[in-house]
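Student:
6 protein chains.
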Amino acid sequence: MSTVRLWTDAEAEANPRVKAVFDDIRATRKSDFVNNVWRALANQPDTLERIWSGLKDVMVKPGALDPLVKEMLYIAVSVANGCSYCVHSHTAAAKAKGMTGDQHAELLAVIGMASQTNALLNALQLPIDPQFLVES
Amino acid sequence: MSTVRLWTDAEAEANPRVKAVFDDIRATRKSDFVNNVWRALANQPDTLERIWSGLKDVMVKPGALDPLVKEMLYIAVSVANGCSYCVHSHTAAAKAKGMTGDQHAELLAVIGMASQTNALLNALQLPIDPQFLVES
Amino acid sequence: MSTVRLWTDAEAEANPRVKAVFDDIRATRKSDFVNNVWRALANQPDTLERIWSGLKDVMVKPGALDPLVKEMLYIAVSVANGCSYCVHSHTAAAKAKGMTGDQHAELLAVIGMASQTNALLNALQLPIDPQFLVES
Amino acid sequence: MSTVRLWTDAEAEANPRVKAVFDDIRATRKSDFVNNVWRALANQPDTLERIWSGLKDVMVKPGALDPLVKEMLYIAVSVANGCSYCVHSHTAAAKAKGMTGDQHAELLAVIGMASQTNALLNALQLPIDPQFLVES
Amino acid sequence: MSTVRLWTDAEAEANPRVKAVFDDIRATRKSDFVNNVWRALANQPDTLERIWSGLKDVMVKPGALDPLVKEMLYIAVSVANGCSYCVHSHTAAAKAKGMTGDQHAELLAVIGMASQTNALLNALQLPIDPQFLVES
Amino acid sequence: MSTVRLWTDAEAEANPRVKAVFDDIRATRKSDFVNNVWRALANQPDTLERIWSGLKDVMVKPGALDPLVKEMLYIAVSVANGCSYCVHSHTAAAKAKGMTGDQHAELLAVIGMASQTNALLNALQLPIDPQFLVES
Numbered sequence: 027m028s029t030v031r032l033w034t035d036a037e038a039e040a041n042p043r044v045k046a047v048f049d050d051i052r053a054t055r056k057s058d059f060v061n062n063v064w065r066a067l068a069n070q071p072d073t074l075e076r077i078w079s080g081l082k083d084v085m086v087k088p089g090a091l092d093p094l095v096k097e098m099l100y101i102a103v104s105v106a107n108g109c110s111y112c113v114h115s116h117t118a119a120a121k122a123k124g125m126t127g128d129q130h131a132e133l134l135a136v137i138g139m140a141s142q143t144n145a146l147l148n149a150l151q152l153p154i155d156p157q158f159l160v161e162s
Numbered sequence: 027m028s029t030v031r032l033w034t035d036a037e038a039e040a041n042p043r044v045k046a047v048f049d050d051i052r053a054t055r056k057s058d059f060v061n062n063v064w065r066a067l068a069n070q071p072d073t074l075e076r077i078w079s080g081l082k083d084v085m086v087k088p089g090a091l092d093p094l095v096k097e098m099l100y101i102a103v104s105v106a107n108g109c110s111y112c113v114h115s116h117t118a119a120a121k122a123k124g125m126t127g128d129q130h131a132e133l134l135a136v137i138g139m140a141s142q143t144n145a146l147l148n149a150l151q152l153p154i155d156p157q158f159l160v161e162s
Numbered sequence: 027m028s029t030v031r032l033w034t035d036a037e038a039e040a041n042p043r044v045k046a047v048f049d050d051i052r053a054t055r056k057s058d059f060v061n062n063v064w065r066a067l068a069n070q071p072d073t074l075e076r077i078w079s080g081l082k083d084v085m086v087k088p089g090a091l092d093p094l095v096k097e098m099l100y101i102a103v104s105v106a107n108g109c110s111y112c113v114h115s116h117t118a119a120a121k122a123k124g125m126t127g128d129q130h131a132e133l134l135a136v137i138g139m140a141s142q143t144n145a146l147l148n149a150l151q152l153p154i155d156p157q158f159l160v161e162s
Numbered sequence: 027m028s029t030v031r032l033w034t035d036a037e038a039e040a041n042p043r044v045k046a047v048f049d050d051i052r053a054t055r056k057s058d059f060v061n062n063v064w065r066a067l068a069n070q071p072d073t074l075e076r077i078w079s080g081l082k083d084v085m086v087k088p089g090a091l092d093p094l095v096k097e098m099l100y101i102a103v104s105v106a107n108g109c110s111y112c113v114h115s116h117t118a119a120a121k122a123k124g125m126t127g128d129q130h131a132e133l134l135a136v137i138g139m140a141s142q143t144n145a146l147l148n149a150l151q152l153p154i155d156p157q158f159l160v161e162s
Numbered sequence: 027m028s029t030v031r032l033w034t035d036a037e038a039e040a041n042p043r044v045k046a047v048f049d050d051i052r053a054t055r056k057s058d059f060v061n062n063v064w065r066a067l068a069n070q071p072d073t074l075e076r077i078w079s080g081l082k083d084v085m086v087k088p089g090a091l092d093p094l095v096k097e098m099l100y101i102a103v104s105v106a107n108g109c110s111y112c113v114h115s116h117t118a119a120a121k122a123k124g125m126t127g128d129q130h131a132e133l134l135a136v137i138g139m140a141s142q143t144n145a146l147l148n149a150l151q152l153p154i155d156p157q158f159l160v161e162s
Numbered sequence: 027m028s029t030v031r032l033w034t035d036a037e038a039e040a041n042p043r044v045k046a047v048f049d050d051i052r053a054t055r056k057s058d059f060v061n062n063v064w065r066a067l068a069n070q071p072d073t074l075e076r077i078w079s080g081l082k083d084v085m086v087k088p089g090a091l092d093p094l095v096k097e098m099l100y101i102a103v104s105v106a107n108g109c110s111y112c113v114h115s116h117t118a119a120a121k122a123k124g125m126t127g128d129q130h131a132e133l134l135a136v137i138g139m140a141s142q143t144n145a146l147l148n149a150l151q152l153p154i155d156p157q158f159l160v161e162s
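Protein chains in written order, with the working numbering: chain U, 27 to 162; chain C, 27 to 162; chain G, 27 to 162; chain Z, 27 to 162; chain R, 27 to 162; chain B, 27 to 162.
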């Protein structure tokens with residue numbers, strides 16, 4: 027179904043750069059499960075390393091936002107971009123980080139409302155109020 | 027610049043349905059400022075009432091998510107949908123609700139990272155891992 | 027502001043292929059006004075001819091849909107794709123074809139509602155009901 | 027396959043708010059069929075009620091646009107937003123409201139043509155002709 | 027699964043206009059395989075002829091860009107538009123035209139990187155540097 | 027106009043991490059010009075360093091694709107994502123790398139054609155031909 031081949035664990039074991047990333051994924055997530063996106067990116071170790079490293083920096087490293095909030099933001103972007111795989115994987119990740127059914131429902135309500143007003147504003151083509159241009 | 031006419035305060039005052047919404051916007055936000063989107067929607071009171079009412083339900087009514095988190099989700103969706111007005115207005119709203127520079131920067135980093143992996147996954151067309159299909 | 031140069035009337039007059047298209051645009055629309063998109067496409071007569079010819083086939087030639095309905099569909103797609111120029115030009119075209127303020131407002135309400143449920147469905151990732159797969 | 031659980035008829039019967047919406051869907055559509063989107067939204071009665079109520083206002087209540095035209099506009103937006111479920115359900119709805127094969131084909135031709143020129147204009151970044159900025 | 031019926035070879039043979047296009051597809055591609063998009067567009071010979079003719083002009087006729095480069099551009103646009111069928115068919119076409127695994131991986135890296143910075147820029151809403159507005 | 031403050035050269039000089047990136051941008055591009063996106067990202071050195079480093083890896087480091095081809099792919103993605111700043115900056119970059127007017131015109135023709143068929147396929151919801159699923 028995919029446009030590239032997915033690497034098996036045996037293949038990953040045999041390639042030092044791929045093995046190092048898979049090992050780090052497992053250690054970081056404290057789980058043996060390596061999902062398909064990494065098995066696909068394994069075809070190009072440069073990209074595999076760069077994407078995993080960037081994802082760790084943005085999503086795993088402690089920062090100014092709560093990890094669950096970041097997963098919900100990820101879902102919001104993935105929904106707007108129509109990425110089915112991403113919606114599935116990050117909804118699972120958000121649930122694993124404690125997202126309740128009520129939080130999920132409210133997340134969806136916000137995404138839907140924003141998409142509705144985004145469309146209205148794209149249709150109205152309004153001048154931006156000067157108040158919104160002031161920077162702090 | 028816009029595709030519809032923007033209502034002045036004097037015009038809004040003269041239309042009971044529009045006046046009622048503008049009054050409620052000012053009371054809800056505790057501010058005299060009514061931004062352009064409402065002045066544009068005033069051309070059709072049905073839509074004006076429905077959108078404002080929906081927005082209050084989703085964004086103002088206390089729920090399962092923090093108000094600032096909802097503003098950041100709104101920004102994320104607006105960025106992905108390329109709505110310039112919405113990005114400006116909701117970034118201003120998030121700052122008004124206390125978003126710090128570091129939180130804004132991390133929000134942008136998450137949006138950018140999600141957009142990158144969304145594109146990769148849309149290119150890879152991977153089968154969704156069965157683990158992500160299990161529902162709680 | 028644009029990424030290519032816009033052709034003046036004098037330049038268009040001097041190029042037989044561009045002149046032929048500009049003449050046809052004026053004759054078809056019964057107006058001397060040639061808007062910027064054609065002045066930009068003039069840089070490549072092949073594309074200019076192909077796009078204008080396709081647009082006449084789809085939008086001008088009598089078919090199964092009313093011309094005003096087709097303009098409103100064009101606006102709906104342009105809003106969803108976030109094309110500012112297209113929203114402006116096709117809103118103007120729809121008004122020229124008789125779109126009333128109420129029709130415009132209802133068009134926007136439909137576009138907004140569809141965008142909201144599109145987002146909800148992209149978030150829910152539902153199986154398509156078998157009833158929708160039956161073809162007539 | 028979905029990211030939330032779908033409610034059965036038995037579950038819907040047991041929840042007064044969900045039952046009221048399902049009953050209204052059946053009465054409004056004069057059909058016993060309740061499609062999956064409502065069974066998914068049932069997880070959050072607030073959102074279920076708000077979306078169904080908005081959809082009735084925009085799509086069912088007599089207005090300035092023909093119901094079939096509104097279904098075709100819904101399809102156009104759903105195609106542009108890449109919502110597979112929405113394209114399926116609203117194409118079925120449009121057929122049920124009398125959309126002929128020729129109208130469907132012309133609808134698709136308009137959507138395709140608009141998407142092509144949307145992309146060209148997004149690439150050309152043209153100034154908007156002053157004529158399009160004049161408001162009536 | 028589709029929203030329209032797919033034409034069989036026998037049906038295509040019986041319709042002179044559809045037969046002419048299918049014959050030309052086979053002759054142009056030097057292959058007996060006619061993929062589903064043409065079997066779907068066959069429902070409307072006008073659109074079938076217009077799309078196939080345009081596609082030959084843009085993608086088959088020798089021009090200023092290499093055929094493989096054009097296939098990769100097609101993939102890039104299809105990924106950004108979230109078109110699953112198009113990503114599959116044009117990835118297959120690019121491989122048939124010689125795209126290597128390394129080229130595919132680098133193509134994906136560029137698409138991902140561009141999507142990330144697109145999102146950042148849509149969030150930042152920056153003024154365009156005057157240097158980028160100068161036309162040659 | 028932007029949602030964040032743009033850093034001046036003087037401010038960049040005073041921050042060692044920002045200065046290092048600005049110096050590297052200037053050295054890599056052999057030009058004193060640092061465009062606005064970097065002045066905006068300077069507000070968060072972590073993101074500034076990560077994005078510039080990733081961009082160098084993908085766009086500057088010699089790889090399997092020609093640098094001009096990569097710029098054209100970047101334009102294609104930016105057009106599809108409706109990022110005005112990105113279309114301007116990468117069109118300028120492509121011209122600087124030798125993109126001719128004819129190549130630009132053909133690039134636009136491919137982007138437009140792909141967007142048209144993307145929309146048609148999103149509307150048709152076709153099953154993917156088994157031939158496209160075979161992996162090499």
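Using N, Cα and C, we set each Cβ at its ideal position, and we do this for glycine too.
What residues in its chain sit with their C-beta under 6 Å from that of R/Trp-78, if we drop five residues either side in the sequence?
Tutor: Hits under 6 Å: Val-47.
Student: What's the C-alpha gap between R/Ser-28 and G/Gly-138?
Tutor: For R/Ser-28 and G/Gly-138, the distance between alpha carbons rounds to 26 Å.
Student: Would you tell me roughly how many angstroms separate the C-alpha atoms of C/Ser-162 and U/Thr-126, rounded to the nearest one?
Tutor: Bear in mind that the predicted position of C/Ser-162 carries a pLDDT of just 44, short of 50, making it too unreliable to give a figure here.
Student: Just to confirm my understanding: we take G/Ile-51, look at its own chain, exclude 5 residues before and 5 after, and list those with CB closer than 8 Å. What are they?
Tutor: Excluding positions up to five away in sequence, the list reads Val-60, Trp-64 and Trp-78.
Student: Can you list, in chain order, the residues of its chain with a C-beta nearer than 6 Å to that of G/Tyr-100? Leave out the 5 residues immediately preceding and following it.
Tutor: The residues are His-116.
Student: So, with DSSP's three-state summary, where would you put G/Ser-162?
Tutor: Residue confidence is low: G/Ser-162 scores 41 on pLDDT, short of 50, so the model does not pin down where it sits. No coordinate-derived value is stated.
Student: Short of 8 Å Cβ to Cβ, which residues in the segment 136-151 of chain C face chain R?
Tutor: Residues Ile-137, Gly-138, Met-139, Ala-140, Ser-141, Gln-142, Thr-143, Asn-144, Ala-145, Leu-146, Asn-148, Ala-149, Leu-150 and Gln-151.
Student: At 4 residues or longer, and completely inside the segment 69-107 of chain G: list those alpha helix (DSSP H) runs for me, N to C.
Tutor: Segments of the alpha helix (DSSP H) lying fully in the segment 69-107 of chain G: 71-81 and 93-106.
Student: By Cβ distance, which residues of its chain are closer than 8 Å to G/Val-44, with the 5 residues on each side in sequence left out?
Tutor: Within the same chain, G/Val-44 has close Cβ partners Trp-33, Glu-37, Ala-38, Ala-68, Pro-71 and Leu-74.
Student: Would you call the segment 128-144 of chain Z and the segment 94-113 of chain G touching, i.e. three or more CB-CB distances under 8 Å?
Tutor: Yes, since at least three Cβ pairs between the segment 128-144 of chain Z and the segment 94-113 of chain G fall closer than 8 Å, the two stretches touch.
Student: C/Pro-42 to Z/Val-84, Cα distance in whole Å?
Tutor: One C-alpha to the other measures close to 22 Å.
Student: How big is the Cα-Cα spacing for Z/Val-136 and R/Gly-80?
Tutor: If I take the Cα positions, the gap works out to 15 Å.
Student: If we define contact as Cβ-Cβ less than 8 Å, is Z/Ser-162 a contact residue for chain R?
Tutor: In this prediction, Z/Ser-162 has a pLDDT of 41, which is less than 50 and means its spatial position is unreliable; what the coordinates show is noted afterwards. Not one chain R Cβ lies under 8 Å of Z/Ser-162.
Student: Nearest-angstrom Cα distance between C/Ala-120 and B/Pro-153?
Tutor: The alpha-carbon atoms of C/Ala-120 and B/Pro-153 are separated by roughly 43 Å.
Student: Using 8 Å for Cβ pairs, my map puts R/Val-105 next to C/Ala-149. What's the rounded Cβ distance?
Tutor: Right, the Cβ-Cβ distance comes to about 4 Å (below 8 Å), so this counts as a contact.
Student: Less than 7 Å between C-beta atoms, sequence neighbours within five positions excluded: which residues of the same chain meet that for Z/Pro-93?
Tutor: Contacts found: Lys-123.
Student: Below 7 Å CB to CB, which residues in the same chain sit around C/Asn-62 once its five sequence neighbours on both sides are set aside?
Tutor: So the qualifying residues of the chain are Leu-32.
Student: Do you know how far the Cα of G/Gln-151 is from the Cα of G/Leu-134?
Tutor: Roughly 26 Å between the two C-alpha positions.
Student: In terms of alpha-carbon separation, which member of U/Asp-155, U/Ala-131 and U/Leu-159 lies closest to Z/Arg-76?
Tutor: The shortest Cα separation from Z/Arg-76 among U/Asp-155, U/Ala-131 and U/Leu-159 belongs to U/Ala-131.
Student: For the alpha helix (DSSP H) that U/Gln-151 lies in, which residues bound it at each end?
Tutor: Neither: U/Gln-151 is in no alpha helix (DSSP H) and is coded neither H nor E.
Student: Counting only Cβ-Cβ distances shorter than 7 Å, please list the residues of the segment 112-123 of chain U near chain Z, keeping chain order.
Tutor: The segment 112-123 of chain U vs chain Z, Cβ under 7 Å: Val-113, His-114 and Thr-117.
Student: Taking all protein chains shown into account, do 16 or more other C-beta atoms lie within 10 angstroms of the C-beta of B/Lys-56, making it buried, or fewer, making it exposed?
Tutor: By the neighbour-count rule (16 or more Cβ atoms within 10 Å), B/Lys-56 is not buried but exposed.
Student: Are the C-beta of G/Asp-49 and some C-beta of chain R separated by less than 8 Å?
Tutor: Answer no: the Cβ-Cβ gap between G/Asp-49 and chain R never drops below 8 Å.
Student: Taking any Cβ of chain G, which residues in the segment 35-60 of chain Z have a Cβ under 9 Å from it, in chain order?
Tutor: Cβ contacts with chain G come from Phe-59.
Student: Since G/Ala-131 meets chain C, which of its residues come closer than 7 Å, beta carbon to beta carbon?
Tutor: Within chain C, the residues near G/Ala-131 are Asn-69, Gln-70 and Thr-73.
Student: To the nearest angstrom, how far is the alpha carbon of B/Pro-156 from that of R/Asp-128?
Tutor: Between B/Pro-156 and R/Asp-128, the C-alpha separation is close to 24 Å.
Student: Alpha carbon to alpha carbon, how far is G/Ala-90 from G/Val-30? Give it in angstroms, no decimals.
Tutor: Rounded to whole angstroms, G/Val-30 to G/Ala-90 spans 36 Å at the Cα level.
Student: Near G/Lys-96, which residues of its chain fall below 7 Å by C-beta distance, leaving aside the five closest residues on each side in sequence?
Tutor: Met-85.
Student: Could you check which residue in G/Leu-159, G/Met-98 and G/Thr-54 has the C-alpha nearest to that of G/Lys-87?
Tutor: The candidate whose alpha carbon is nearest that of G/Lys-87 is G/Thr-54.
Student: What are the residues in the segment 75-90 of chain B lying within 7 Å of chain U by C-beta distance?
Tutor: Here the close residues are Arg-76, Gly-80 and Asp-83.
Student: Threshold first: 4 residues or longer. Then list the alpha helix (DSSP H) segments lying entirely within the segment 30-75 of chain R, N to C.
Tutor: Here the runs fully enclosed are 35-40, 42-55 and 62-67.
Student: Could you tell me whether the Cβ of B/Pro-93 comes closer than 8 Å to any Cβ of chain R?
Tutor: Closer than 8 Å: no.
Student: According to the Cβ coordinates, are G/Ala-140 and Z/Phe-158 closer than 8 Å?
Tutor: No; because the gap between Cβ atoms is not below 8 Å, this pair is not in contact.
Student: Straight-line CA distance for Z/Asn-107 to R/Asn-107?
Tutor: Whole-angstrom Cα-Cα distance: 8 Å.
Student: Determine the chain G residues that contact B/Leu-134 at a beta-carbon separation under 8 Å, and present them in chain order.
Tutor: Going along chain G in sequence order, the residues near B/Leu-134 (Cβ under 8 Å) are Gln-70 and Thr-73.
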